[in-house]
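Heads up: the sequence shown begins at 21 in our numbering, then just goes up one per residue.
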Amino acid sequence: MRQDAALYTGIVTHHRHAPKVHNLRYRVYSVFLDLDRLDETARRCRFFSRNRFNVFAFHDRDHGDGSALPLRDQAIARVMLAHPDTASRIHRIGLLCMPRVLGYAFNPLSVYYCYDDADVVIAIIYEVNNTFGQRHTYVIPVDATHRHGADQLIRQTCDKRFHVSPFLPLGMRYIFRVTPPAARLSIAIDTRLQGREGQRPDGKPMLDAAYVAHRRTFSDATLLRTFFTHPLLTLKVVAGIHWEALFIWRKGATFHPLPGIPAPLSVVAADGTTRDMPDIHH
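This is the structure we're talking about:
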């Protein structure tokens, strides 16, 4: 029987190749939650709650547009905006994110995996938060042209439409390489210049980031052990972002100020063509 939730522990790495070289590596963890079974997960775990304080918690308003519309319905509605045929085939949705820890949460990236009734990923939603309190969502379908190799690695691309790091401008291109959650998961994101297929003279991206993690049982024992082996993770994530930014700034990287208010949503065609749209309630 398919589990309602899983815990993933792993490593996040960032390698900045230009304009200033900078590398980082952190131990992190995330939870993978079936959006149809959140209450079931909360009922069976003493240290995990939904929409109330606990050692670990999931609050619906930390994701999506913050409205009362269930997150599953929000996700399907976003896919429906540009890919109605895909949206009609969504059977279940799993959300990969960091939980609240002692009431505090910050997710640089949350990923919604949309599965059909054969349990194949047919769309991925990337929900990005920056430290300025803004959120942007990229909705990208998955078809046969995106799957590569025996492990069915998913490769997708889209334009960068949201200000994340003040040391990287807009007008760039993301390349995603994703292995969906199983015994192991991976998410790799290259940030490249646009034009000439985003190639620098050495062929490297401006930034490559990756998260590689392994599945653990979602249980009270595992959660409690993870709390002590990775103390106050979400606070450390925010502190780490600012700490690494200070190092990059001291190396002389160009600072790009926060642009105007971004569109909340980008829908992406199978070929990577990217179009900004108002969100589902506008």
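We treat Cβ as the ideally placed atom computed from N, Cα and C, and that holds for glycine.
These numbers come from a predicted model, not from an experiment.
Taking the Cα of Val-51 as reference, the smallest distance to any Cα among Gly-191, Val-121, Ala-265 is reached at Val-121. Within the same chain, Phe-67, Phe-68, Val-121, Leu-122, Leu-243, Leu-244, Phe-247 come within 8 Å of Val-75 by CB-CB distance, once the 5 residues on both sides are set aside. The three-state reading of DSSP puts Asp-210 in strand, counting E and B together.
Assignment of Thr-242 by DSSP, reduced to helix, strand and coil, places it in the helix class. For Thr-106, there is no enclosing beta strand (DSSP E); the enclosing alpha helix (DSSP H) covers residues 104-107. In the three-state scheme derived from DSSP, where H, G and I count as helix and E and B as strand, Phe-247 is classed as helix. Counting only the Cα atoms, Arg-167 lies some 31 Å from Gln-154. Shown here, Gln-94 sits in a helix according to DSSP, grouped into three states. Distance between Pro-128 and Asn-149, taken at the CA atoms: about 5 Å. Check the Cα spacing between Lys-40 and each of Pro-279, Arg-204, Phe-187, Thr-294: the tightest is with Phe-187.
By the neighbour-count criterion, in which 16 or more other beta carbons inside 10 Å mark a residue as buried, Ala-259 falls on the exposed side.
Between Arg-70 and Leu-89, the C-beta spacing is not below 8 Å. The way I'd put it, the stretch 23-35 does touch the stretch 223-237; three or more beta-carbon pairs between them come closer than 8 Å.
In the three-state reduction of the DSSP assignment, His-83 falls in the coil class. For the pair Val-159 and Val-99, the CB atoms are nearer than the 8 Å cut-off.
Where Leu-122 is concerned, there is no enclosing beta strand (DSSP E), because DSSP gives it neither an H nor an E.
In this structure, Gln-214 is the residue among Arg-45, Gln-214, Tyr-231 with its C-alpha nearest to the C-alpha of Lys-224. For a cut-off of 8 Å, the C-beta gap from Leu-285 to Pro-298 is around 7 Å, short enough to register as a contact.
In this structure, Arg-212 lies near Arg-193, with their beta-carbon atoms less than 8 Å apart.
Closest by C-alpha distance to Tyr-49, out of Asp-228, Ile-268, Lys-256, Ile-281, is Lys-256.
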